[in-house]
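Under my numbering, think of the first position of the sequence shown as 970, with each following residue one higher. The C-beta atom is built at its ideal place from N, Cα and C for all residues, glycine as well.
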Amino acid sequence: MRNLHPDLARVIITEDEIRARIKELARQIENDYASADRIILVGILKGAFIFMADLARELNIPHIVDFMAVSSYGKTTVSSGAVRVVLDLREPIENEHVILVEDIVDTGLTLNYLVHTLKGRRPASIRTCVLAIKDRLRVDVQVDYLGFEIPDVWVVGYGLDYADTHRTLPFVAELKPEIYQTTASGNTSPD
Ligand code: IMP
C-alpha cells in the first residue's frame, strides 16, 4: 500500500470495503424500489459526489440524479449549527421517490434539515443513504441505508474533505487531530 500523507493518522475504510458495501446498498435499494417507476437520487455537494457517482452506477433500476449544496461548515471541523441551502434542485420532486445521498452524519443537523425541507415539497417518499455515521451522541436522524459506522474523528477522502483538501483520496482516512486543531478558522463555505 502506498505511504499515507503525513496529515493522515490511519485508513478507516479501504477502497475494497467501500466498493463491496456500495454493491450491497445498491441491491437493497433495487429490492426496496422494485415496483417504483423511477427514483431520484439527490446528492449533497460537495462531499457526496464520489459516493453518489459510484452508487448511481451500481444501481440497476431507473433513476435520475440531482444535486443540492448546503453550507454549515467552513474550514473548521466544528459545526456552526446553522444549515443554509446554497444550491437547490433543478426539478420539482412532488410525487417522486427521493433518496438523499449524503457523505457523513456527524451531529445529524444537516440531514435532518434536508429531510425536513424536502418533505415539504411532497415527494411520494423520502429516504436517506449515508456513507458513514459517527459513533457519537447526535440528534435523532433518519438513516435508511448506511454504509459504515465510524469512530468520532475527523475523516477525509472519498469525497470528504478538510478545508477542501484530501477530498479525492480513494479511501476514507482519519485526519491527525493536530492538523485541524491548529488551523481551525471559522469561515463558512459549501462543503
Ligand atoms: P452534521 O450536520 O453535523 O451531521 O454534519 C454533516 C456535514 O458535515 C457532512 O455533510 C460533512 O460535509 C461535514 N462533516 C462532518 N463530519 C465530517 C468529517 O469527519 N469529515 C468531513 N466532513 C465532515
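Output the distance between the C-alpha atoms of valine 1074 and arginine 979, rounded to the nearest integer angstrom.
As a first step, residue 1074 is located in the sequence shown; it is residue number 105 there, counting from the start. As a first step, residue 979 is located in the sequence shown; it is residue number 10 there, counting from the start. Rounded to the nearest angstrom, the gap between the Cα atoms of valine 1074 and arginine 979 is 20 angstroms.
Roughly how far, in whole angstroms, is the beta-carbon of tyrosine 1114 from the beta-carbon of cysteine 1098, given that I think they are within contact range, below 8 angstroms?
Residue numbering aside, residue 1114 sits at position 145 when the sequence shown is read from its first letter. Residue numbering aside, residue 1098 sits at position 129 when the sequence shown is read from its first letter. About 4 angstroms separates the two Cβ atoms, so the contact holds.
Could you spell out the range, first to last residue, of the alpha helix (DSSP H) harbouring histidine 1193?
Since the first and last residues shown for the chain are 970 and 1160, residue 1193 lies out of range.
Report the residue from Asn972, Leu1078, Val1084 and Leu1100 whose alpha carbon sits nearest the alpha carbon of isoleucine 1019.
Indexing the sequence shown from 1 puts residue 1019 at position 50. Residue Leu1100 is the option with its Cα nearest to isoleucine 1019.
Along the alpha helix (DSSP H) that carries isoleucine 982, what are the first and last residues, could you check?
Counting from one through the sequence shown, the residue named residue 982 turns up at place 13. Counting along the chain, isoleucine 982 falls outside any alpha helix (DSSP H), though it belongs to the beta strand (DSSP E) covering 977-982.
Please classify leucine 1106 as buried or exposed, where buried requires at least 16 other C-beta atoms within 10 Å of its C-beta.
Counted from its first residue, the sequence shown places residue 1106 at position 137. Exposed is the call here.
For lysine 1044, does the three-state DSSP call read helix, strand or coil?
Position 75 of the sequence shown, counted from the first residue, corresponds to residue 1044. Residue placement at lysine 1044 is poorly supported in this model, since its pLDDT is 45, which falls under 50; the coordinates are not used for a value here.
Measuring only the C-alpha atoms, how far is leucine 960 from valine 1108?
The question about residue 960 has no answer here: the residues shown for the chain are numbered 970 through 1160.
With DSSP as the reference, label glutamate 1063 as helix, strand or coil.
Taking the first residue of the sequence shown as 1, we reach residue 1063 at position 94. If DSSP states are grouped into helix, strand and coil, glutamate 1063 belongs with coil.
Please classify isoleucine 1166 as buried or exposed, where buried requires at least 16 neighbouring CB atoms within 10 angstroms.
There is simply no residue 1166 to check, as the chain begins at 970 and stops at 1160 in what is shown.
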